[in-house]
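Here the structure comes first, spelled out in structure tokens, and everything after it is commentary.
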Amino acid sequence: VEYVIRERLRLHGSILSYHSVYFTILLLIYAAVIIGNSLIVLVTVLDLSLHSPMYFFLRNLSFLEICYISATLPKMLVCFLTGDVRISFLGCAAQLYFLVFLGSTECLLLAAMAYDRYVAICDPLRYSLVMNGGFCVRLVVGSWMVAIPIQMGQTYQVFTLPFCASHHLHHFFCDVPPLLELACADTFWSRVTLNTIILLFAIFPFFMIVVSYVRIIGTVLKMHSAPGRHKAFSTCSSHLIVLTLFYGSASVVYCKHHSSDSADTDKYLALFYTILTPMFNPVIYGMRNRELRIALRKLLWRK
Numbered sequence: 176v177e178y179v180i181r182e183r184l185r186l187h188g189s190i191l192s193y194h195s196v197y198f199t200i201l202l203l204i205y206a207a208v209i210i211g212n213s214l215i216v217l218v219t220v221l222d223l224s225l226h227s228p229m230y231f232f233l234r235n236l237s238f239l240e241i242c243y244i245s246a247t248l249p250k251m252l253v254c255f256l257t258g259d260v261r262i263s264f265l266g267c268a269a270q271l272y273f274l275v276f277l278g279s280t281e282c283l284l285l286a287a288m289a290y291d292r293y294v295a296i297c298d299p300l301r302y303s304l305v306m307n308g309g310f311c312v313r314l315v316v317g318s319w320m321v322a323i324p325i326q327m328g329q330t331y332q333v334f335t336l337p338f339c340a341s342h343h344l345h346h347f348f349c350d351v352p353p354l355l356e357l358a359c360a361d362t363f364w365s366r367v368t369l370n371t372i373i374l375l376f377a378i379f380p381f382f383m384i385v386v387s388y389v390r391i392i393g394t395v396l397k398m399h400s401a402p403g404r405h406k407a408f409s410t411c412s413s414h415l416i417v418l419t420l421f422y423g424s425a426s427v428v429y430c431k432h433h434s435s436d437s438a439d440t441d442k443y444l445a446l447f448y449t450i451l452t453p454m455f456n457p458v459i460y461g462m463r464n465r466e467l468r469i470a471l472r473k474l475l476w477r478k
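For this note's numbering, add 175 to where a residue sits in the sequence shown, where the first one is 1.
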């Protein structure tokens with residue numbers, strides 16, 4: 176399958192004149208994601224004061240973001256560096272699998288983080304009992320493992336379709352909606368599978384997140400202490416911002432009707448939740464989390 180990086184660039188002359196600029200921008204973004212999220216992983220492992228469920232989930236989210244952006248961005252960097260915008264059939268299948276698998280895992284992990292905040296704020300006396308080490312590990316392992324066989328099945332279903340028409344995928348990387356547009360067979364059951372997976376791994380976790388935060392907001396508003404309300408909201412604000420960025424862009428791409436007129440919009444929205452959200456993650460948590468900033472300063476000062 177051959178996919179085109181940006182058709183409209185060819186209207187402005189040679190696409191090679193843009194390669195160095197876009198390659199440099201994407202390389203800097205990739206480096207920022209790797210460094211920023213690796214620092215969060217390192218700090219939350221080395222600092223004993225951050226060995227709590229909240230930072231355990233954050234550590235896993237940061238590691239996931241590194242994997243998530245690595246599913247698509249390295250191939251895009253190669254395309255801009257060499258000017259070759261082709262990808263092999265197996266390479267496209269592998270890219271699609273890791274993209275949807277890691278995306279599903281992120282939805283489940285964000286839901287687990289929301290549940291952690293719910294227990295911490297709404298049931299603080301039982302927090303250490305409920306969110307014990309074994310339960311947290313099971314939540315994280317379950318988030319990583321449950322999507323593996325299901326997304327393997329979806330990837331197999333998509334790539335057993337006949338692609339007998341154009342092999343130009345009008346997208347930055349291999350994703351389910353643009354691949355279904357290329358198929359010259361009936362894609363009804365493939366779309367049913369896609370919508371079912373969206374329901375299980377995106378809508379249901381999002382519903383659980385909404386329920387958790389409705390309960391959290393109700394509990395916080397009943398607090399008589401203004402500092403207590405501020406602390407409770409500050410511990411949730413970073414998570415809410417990451418949720419909004421990830422779900423806001425991904426829902427538009429996966430939950431709306433796709434057409435040739437919306438292809439460009441979909442491409443850029445897909446870049447947002449696959450590249451920019453992992454880049455913003457360490458910035459959001461680092462800027463809004465005082466404990467994390469202090470631990471990072473101690474680590475850098477010691478080094």
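Quick reminder that beta carbons are idealized off the backbone N, C-alpha and C, glycines included.
With a threshold of 16 other CB atoms inside 10 Å of the CB of L396, please say whether the residue is buried or exposed. In the sequence shown, counting from the first residue as 1, residue 396 sits at position 221. With fewer than 16 other Cβ atoms inside 10 Å of its own Cβ, L396 counts as exposed.
Along the chain, where does the alpha helix (DSSP H) containing S279 start, and where does it finish? On the sequence shown, position 104 is the one that residue 279 refers to. Per DSSP, S279 belongs to the alpha helix (DSSP H) from 264-297.
Quick one: residues in its chain with C-beta nearer than 8 Å to the C-beta of E182, no 5 flanking neighbours on either side, listed in chain order? As a first step, residue 182 is located in the sequence shown; it is residue number 7 there, counting from the start. Because the pLDDT of E182 is 37, which lies under 50, any placement of that residue in the model is unreliable, and the question is left without a value.
Take the Cβ of T257 as the centre, count every other Cβ of all protein chains shown within 10 Å, and call the residue buried at 16 or more, exposed below. On the sequence shown, position 82 is the one that residue 257 refers to. Exposed is the call here.
Spatial neighbours of Y230 in its chain, beta-carbon cut-off 6 Å, leaving aside the 5 residues before and after: For the purposes of this step, residue 230 is identified with residue 55 of the sequence shown, where counting begins at 1. Here the set comprises T219.
Just to confirm, are Q329 and T371 a CB contact at a threshold of 7 Å? Position 154 of the sequence shown holds residue 329. Position 196 of the sequence shown holds residue 371. Contact flag unset, no.
Close Cβ partners of K353 (< 7 Å) along its chain, the five nearest in sequence each way excluded: The residue you call residue 353 lines up with position 178 of the sequence shown. The amino acid occupying residue 353 in the given sequence is Pro; Lys does not appear at that position. Residues L344, H345, H346 of the same chain have their beta carbon placed closer than 7 Å to that of P353, with the five preceding and five following residues left out of the count.
Scan the stretch 357-384 and note each continuous alpha helix (DSSP H) run of 4 residues or more that stays entirely inside, going in chain order. Fully enclosed alpha helix (DSSP H) runs of 4 or longer: 363-373.
Return the CA-CA distance between S224 and K473, expressed in angstroms with no decimal places. Numbered from its first residue, the sequence shown carries residue 224 at position 49. Numbered from its first residue, the sequence shown carries residue 473 at position 298. Put simply, the backbone Cα of S224 is about 12 Å away from that of K473.
Helix, strand or coil: which one does DSSP assign to L355? Position 180 of the sequence shown, counting from 1, holds the residue named residue 355. In the three-state reduction of the DSSP assignment, L355 falls in the helix class.
Among L300, L221, C254, C349, nearest to L202 - alpha-carbon criterion: For the purposes of this step, residue 202 is identified with residue 27 of the sequence shown, where counting begins at 1. Looking at the Cα atoms, C254 is the closest of the given residues.
V385 to V351 span [Cα, whole Å]: In the sequence shown, residue 385 corresponds to position 210, counting from 1. In the sequence shown, residue 351 corresponds to position 176, counting from 1. So the two alpha carbons sit approximately 26 Å from each other.
Out of Y197, W319, S424, I459, which one is the CA nearest neighbour of L446? Against the sequence shown, residue 446 aligns to sequence position 271. When each option's Cα is compared against that of L446, the closest is S424.
Using a 10 Å radius around the Cβ and a threshold of 16 neighbouring Cβ atoms, would you call A407 buried or exposed? Taking the sequence shown and counting its residues from 1, one reaches residue 407 at position 232. Looking at its Cβ environment, which holds 16 or more other Cβ atoms inside 10 Å, A407 is buried.
Using a 10 Å radius around the Cβ and a threshold of 16 neighbouring Cβ atoms, would you call C339 buried or exposed? As a working note, residue 339 is residue 164 in the sequence shown. By the 10 Å Cβ count, C339 comes out exposed.
Does the distance from the C-beta atom of L271 to that of C359 stay below 7 Å? As a first step, residue 271 must be located in the sequence shown, where it is residue number 96. As a first step, residue 359 must be located in the sequence shown, where it is residue number 184. If you check the CB distance, L271 and C359 do not come in under 7 Å.
Do L314 and A286 come within 7 Å of each other at the CB atom, strictly closer than that value? Within the sequence shown, numbered from 1, the residue matching residue 286 stands at position 111. Within the sequence shown, numbered from 1, the residue matching residue 314 stands at position 139. The answer is no: Cβ separation not under 7 Å.
Taking 7 Å as the cut-off, decide whether the C-beta atoms of L284 and S318 are in contact. As a first step, residue 284 is located in the sequence shown; it is residue number 109 there, counting from the start. As a first step, residue 318 is located in the sequence shown; it is residue number 143 there, counting from the start. Cβ distance < 7 Å, so L284 and S318 count as in contact.
C-alpha distance - Q252 paired with V208, whole-angstrom precision: For the purposes of this step, residue 252 is taken as the residue at position 77 of the sequence shown. For the purposes of this step, residue 208 is taken as the residue at position 33 of the sequence shown. Strictly speaking, residue 252 in this sequence is Leu, with Gln absent from that position. So the two alpha carbons sit approximately 14 Å from each other.
Do the CB positions of I459 and V417 come within less than 7 Å of each other? On the sequence shown, position 284 is the one that residue 459 refers to. On the sequence shown, position 242 is the one that residue 417 refers to. Annotated as proximal: I459 and V417, with beta-carbon spacing under 7 Å.
Since Q326 and F379 should fall inside the 8 Å C-beta cutoff, what is the C-beta to C-beta distance between them, to a whole number of angstroms? As a first step, residue 326 is located in the sequence shown; it is residue number 151 there, counting from the start. As a first step, residue 379 is located in the sequence shown; it is residue number 204 there, counting from the start. So it is not a contact: roughly 16 Å between Cβ atoms.
Considering only residues of the same chain and omitting the five flanking positions on each side of L248, which have a CB-CB separation below 7 Å? As a position in the sequence shown, residue 248 is number 73, starting the count at 1. Once the five neighbours on either side are set aside, the close Cβ partners of L248 are L201, Y205, I450.
Checking 7 Å against the spacing of the C-beta atoms, do P402 and G211 come in under that value? Taking the sequence shown and counting its residues from 1, the one referred to as residue 402 is at position 227. Taking the sequence shown and counting its residues from 1, the one referred to as residue 211 is at position 36. Against a cut-off of 7 Å, the Cβ pair of G211 and P402 comes out as no contact.
The alpha helix (DSSP H) with P324 in it runs from where to where? Sequence index remark: in the sequence shown, residue 324 carries index 149 (1-based). Counting along the chain, the alpha helix (DSSP H) containing P324 begins and ends at 322-334.
In angstroms, rounded to a whole number, what distance separates the CA positions of R185 and V196? Translated into the one-based positions of the sequence shown, residue 185 becomes position 10. Translated into the one-based positions of the sequence shown, residue 196 becomes position 21. Residue confidence for R185 is low, a pLDDT of 35 falling below 50, so the modelled location carries little weight; the figure read from the coordinates is stated next. Going from the Cα of R185 to the Cα of V196 covers about 15 Å.
With C-beta atoms as the reference, is L374 less than 7 Å away from S365? For this step, residue 374 is matched to residue 199 along the sequence shown. For this step, residue 365 is matched to residue 190 along the sequence shown. Between L374 and S365, the CB-CB gap reaches or exceeds 7 Å.
Taking only the alpha-carbon atoms, compute the straight-line gap between A322 and H399 and give it to the nearest angstrom. On the sequence shown, residue 322 is found 147 positions in, with the first residue counted as 1. On the sequence shown, residue 399 is found 224 positions in, with the first residue counted as 1. If you draw a straight line from the Cα of A322 to the Cα of H399, it comes to about 42 Å.
With the cut-off set at 7 Å, would you say S237 and I215 are in Cβ contact? Locating residue 237 in the sequence shown gives position 62, where the first residue counts as 1. Locating residue 215 in the sequence shown gives position 40, where the first residue counts as 1. Yes. Within cutoff.
Among Y243, G278, R292, whose alpha-carbon lies nearest the alpha-carbon of R390? For this step, residue 390 is matched to residue 215 along the sequence shown. Considering only alpha carbons, the answer is R292.
Taking Cβ positions, are A158 and C242 nearer each other than 7 Å? Summary: the structure shown does not reach residue 158, with the chain confined to residues 176 through 478, and so no result is reported for it.
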